[in-house]
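Here is the structure we will look at.
Residue numbers (my numbering): -19 to 82.
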């Protein structure tokens, strides 16, 4: 049976006029890191992220990959890129992932 997980090394964010940086404080996503899920479970997690919109203060976007693990190989299931359209009104500093609509 296939398992699904969030690829930790793929979680990055970008400040305005900067390059992608690797996330070190997973914040609200911490409970999903390092765990495997069924397809139904990961689809619920993805839906929750889409509805609540994760972000990092003052970052323009937050990217992450959901991977599918089979008996033979790992492959991409979804690549998510959450845009933060309110970054200009936020203070840079706190790098924990939060939900915008919590």
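Just so it is clear, CB atoms sit at the ideal spot from N, CA and C, and this is done for glycine as well.
As the structure is a prediction and not an experimental result, all values here were calculated from the model.
Under 9 Å, do residue 46 and residue 77 count as touching if we go by C-beta distance?
no
Looking at residue 57: is its Cβ nearer than 9 Å to the Cβ of residue 40?
The criterion of a C-beta distance shorter than 9 Å is not satisfied by residue 57 and residue 40.
C-alpha distance - residue 60 paired with residue -19, whole-angstrom precision
24 Å
Taking only the alpha-carbon atoms, compute the straight-line gap between residue 79 and residue 33 and give it to the nearest angstrom.
Roughly 5 Å separates the two Cα atoms.
Strand pairing of residue 44, partner residues [DSSP]:
60
Identity of the residue in 53, 75 and 43 nearest residue 63 by Cα:
Ranking 53, 75 and 43 by Cα distance to residue 63 puts 43 first.
Assuming residue -15 and residue 15 form a contact by the criterion Cβ under 8 Å, report the distance between their Cβ atoms to the nearest whole angstrom.
7 Å
What alpha helix (DSSP H) runs, 4 residues minimum, are completely inside the region -6 to 39?
19 to 32
For a test of the three-state rule: what should DSSP assign to residue 65, helix, strand or coil?
coil
Leaving out the 5 sequence neighbours to the left and right, which residues in its chain are closer than 6 Å to residue 49 when beta-carbon positions are compared?
-17
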